[in-house]
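*Asks:* The opening residue of the sequence shown carries number 1 in UniProt numbering; numbering runs sequentially from there.
Glycine included, each C-beta is placed from N, C-alpha and C at the ideal position.
Got a structure for you, questions after.
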Amino acid sequence: MSSGPSKPKIRKKEDYVSHFQDAWLENVEYKNWLIKINEETGKCKLCWVTFTTKHDGEKAVKTHMNSIKHKRMIQNINSNQLLTTFIPQENLAENFKVAIAEMSQIYHSVSHHHSYLSIDCGIKLNSKIYDDSKLSKKIHCGRTKSESIVKNVLASKFIEMVL
């Protein structure tokens with residue numbers, strides 16, 4: 001016999017915790033911008049926004065992906081041109097050969113104790129003597145450039161070799 005109306009049992013809602021899934025990093029929609037910070041946190045490498053996946057799981061990732069800030073950032077990235085589009089690619093190998101030739105000429109002259117003025121004069125003379133060579137026409141090393149190469153490139157390399 002009951003003494004009155006029975007009270008229904010109150011159920012305590014269980015807390016479910018979602019963890020960051022590594023599979024999201026391979027998902028086509030997320031892999032270009034999603035970074036895992038820890039087991040419960042992700043980060044957008046485009047917007048630098050950090051969000052928790054502890055309560056919402058993948059929904060938090062999708063919510064950020066659909067946010068105005070994220071969409072605007074993707075639009076900006078797609079509309080910007082890469083710096084490499086402004087650099088002529090066809091002359092890279094030739095420019096590398098010119099740089100090596102200049103460096104070799106300067107190294108040779110410095111190892112024989114020539115002055116920067118004589119290096120400048122010798123390079124100008126070589127371009128006149130070998131006028132049929134494309135490479136010799138492109139070598140331009142005045143006193144200032146020669147000094148800069150000696151101080152910033154050759155000297156640092158030799159100091160590294162000695163130490």
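(1) Assuming the contact rule is C-beta atoms closer than 8 Å, S136 and N126 should be a hit. Round their C-beta distance to whole Å, please.
(2) Please check if any C-beta of chain C sits within less than 8 Å of the C-beta of I10.
(3) Short check: CB of I37 to CB of K45, under 8 Å?
(4) Would you identify the three-state DSSP class for K124, choosing helix, strand or coil?
(5) Examine the Cβ distances between the stretch 142–158 and the stretch 98–106 and report whether three or more of them are shorter than 8 Å.
(6) List, from N- to C-terminal side, the beta strand (DSSP E) runs of 3 residues or more that fit wholly inside the stretch 9–79.
(7) Taking just the CA atoms, how far does Q75 sit from T108?
(8) Determine the DSSP secondary structure at K137, reduced to helix, strand or coil.
*Replies:* So, to answer that:
(1) If you number the sequence shown from 1, residue 136 lands on position 136. If you number the sequence shown from 1, residue 126 lands on position 126. The Cβ separation is near 6 Å, so the contact holds.
(2) In the structure shown, chain C does not exist; there is a single protein chain.
(3) For this step, residue 37 is matched to residue 37 along the sequence shown. For this step, residue 45 is matched to residue 45 along the sequence shown. The answer is no: Cβ separation not under 8 Å.
(4) Mapped onto the sequence shown, residue 124 falls at position 124. Looking at K124 - three-state DSSP - the assignment turns out to be helix.
(5) yes
(6) 34–38, 41–44 and 50–52
(7) Start at 1 with the first residue of the sequence shown, and residue 108 comes out as number 108. Start at 1 with the first residue of the sequence shown, and residue 75 comes out as number 75. In the sequence on display, residue 108 carries His and not Thr. For H108 and Q75, the distance between alpha carbons rounds to 52 Å.
(8) Here the question's residue 137 lines up with position 137 in the sequence shown. Residue state, collapsed to three classes: helix.
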